Ligand code: 572
Ligand code: ZN
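Numbering (our numbering), first residue to last: 3 to 360.
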């Protein structure tokens, strides 16, 4: 049954949208409801999670090299219900609930054709300037970047497939595997979903670090074997504590904090022939003990979002191997979007979820 508001034309008319004009200036306003083109679907958005990058754009007007220069709609962790299909859409129909993979590449360059579409130079990613995101009631997206949710997977879980896709990709790139000792640096949302993904892959024992004791307790509750508080520790001190905790040095290190000292600690703690992936973002330039990395033949690998991970993320949730539900600590309606962003910025929440419909 349709729950969206219908105008005289039989189409919905309320398209309340959260538009960021500049740093700390987000306004709720009505926008035209877009029409799906060839291969696209119109989606009634139901849930949008707030990511750290959304908070950066909102509070500072920029994130990394991307700057808010004209009004932009934030939000890239999203799910919704298809309400209209454009010409040629075969895989979806009105009424289907979907998770939205937010990065759409050119599909034709060498990187796209070889499966690394996340680093396609033409990729258009929701809520990365100048591309609008999903904090809106109605949104158009290519149908093949939408993943139909089975009935037992909630819209909230659908939205959380986005950070889980980051974790799936990180675990793949870090070669996390059955019985492998893993170190996760940083117990924010990405560190926590990486923990869940690594556990689902059968890895272990898993050691996680943070400077916040509450986050570490949360991580323990999610199944971390060891939680190390690294506040006031040097990188050498962190590495020593990790090596005391784990029975053998980690073969996979997933850096999710972006702190220089954390990168350094990861290199020092990693086992010989290990892999360290850099998911966290921090300073443009970072000083690293590269000689130590070389001496143990550590592979340091970059991470840029993900490619080909949404299907796996959905399968992990649908099969019950990953339970994301406890990560959402705060809920808000789109009408309270400002309060939602303040809560996300405060740092006490794990994941803030915005309800748009339903
Ligand atoms: O969920 C995807 C995602 N990717 C992030 C950050 C937040 N969420 N990345 C880190 C920052 N880069 S960026 O290129 N940028 C600010 C757009 O430096 C993108 C990937
Ligand atoms: Zn994100």
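Glycine included, C-beta positions come from ideal geometry on N, C-alpha and C.
Fair warning: this is a prediction, and the values are worked out from it, not measured in the lab.
Span of the alpha helix (DSSP H), counted from its first residue to its last, around residue i
i: residue 211; result: Unbroken run through residue 211 is the beta strand (DSSP E), 208-212; no alpha helix (DSSP H).
i: residue 343; result: 339-348
i: residue 266; result: 262-271
i: residue 171; result: 157-175
i: residue 364; result: Missing from the structure shown is residue 364; the chain here goes from 3 to 360 and no further.
i: residue 192; result: 191-202
i: residue 220; result: 215-223
i: residue 237; result: 237-247
i: residue 330; result: Note, residue 330: premise wrong, no alpha helix (DSSP H); beta strand (DSSP E) at 330-335.
i: residue 290; result: Residue 290 -> no alpha helix (DSSP H), and no H or E assigned at all.
i: residue 312; result: 312-320
Contacts around residue i, its chain only, beta-carbon distance under 7 Å, and the 5 residues preceding and following it disregarded
i: residue 221; result: 189, 194, 197, 210 and 229
i: residue 234; result: none
i: residue 172; result: 196, 256, 279, 281 and 305
i: residue 335; result: 357
i: residue 340; result: 28
i: residue 263; result: 237
i: residue 113; result: 119, 121 and 122
i: residue 323; result: 202
i: residue 178; result: 184, 200, 203, 205 and 254
i: residue 285; result: 262
i: residue 247; result: 209, 228 and 230
i: residue 272; result: 251, 252, 255, 278, 298 and 300
Own chain partners of residue i with C-beta closer than 8 Å, once the 5 adjacent residues on each side are dropped
i: residue 62; result: 25
i: residue 181; result: 204, 205 and 206
i: residue 176; result: 184, 254, 255, 256, 277, 278, 279 and 303
Paired residues, beta bridge with residue i - DSSP
i: residue 32; result: 18
i: residue 304; result: 280
i: residue 27; result: 24
i: residue 83; result: 46 and 99
i: residue 254; result: 184 and 277
i: residue 65; result: 68
i: residue 51; result: 79 and 355
i: residue 2; result: The structure shown does not extend to residue 2, since the chain spans only 3 to 360, so no value can be given for it.
i: residue 74; result: 22
i: residue 109; result: Per DSSP, none; premise fails for residue 109.
i: residue 148; result: 102
i: residue 141; result: 45
i: residue 126; result: 106
Same chain, Cβ closer than 6 Å to residue i, five either side skipped, listed in chain order
i: residue 23; result: 73
i: residue 106; result: 126, 144 and 147
i: residue 243; result: 230
i: residue 111; result: 122
i: residue 166; result: 195 and 315
i: residue 360; result: 48
i: residue 104; result: 78, 127 and 128
Assigned exposure category for residue i - 16 Cβ within 10 Å defines buried
i: residue 56; result: buried
i: residue 353; result: buried
i: residue 287; result: exposed
i: residue 95; result: exposed
i: residue 289; result: exposed
i: residue 123; result: exposed
i: residue 266; result: buried
i: residue 120; result: buried
i: residue 154; result: exposed
i: residue 201; result: buried
i: residue 69; result: exposed
i: residue 212; result: buried
i: residue 250; result: exposed
i: residue 1; result: Look at the range of the chain in this structure, 3 to 360, and you will see that residue 1 is not part of it.
i: residue 309; result: buried
i: residue 217; result: buried
i: residue 275; result: exposed
i: residue 328; result: exposed
i: residue 135; result: buried
i: residue 42; result: buried
i: residue 293; result: exposed
i: residue 252; result: buried
i: residue 297; result: exposed
i: residue 81; result: buried
i: residue 307; result: buried
i: residue 191; result: buried
N-terminal and C-terminal residue of the beta strand (DSSP E) that residue i is part of
i: residue 186; result: 184-187
Check: residue i C-beta below 6 Å from any heavy atom of the ligand COA
i: residue 66; result: The ligand content of the structure shown is limited to the ligand 572 and the ligand ZN, which means the ligand COA is not among them.
Any chain D beta carbon closer than 7 Å to residue i
i: residue 150; result: Among the chains in the structure shown there is no chain D, since it carries only a single protein chain.
Quick one: residues with CB closer than 6 Å to any heavy atom of the ligand ZN, in chain order, please.
53, 55 and 78
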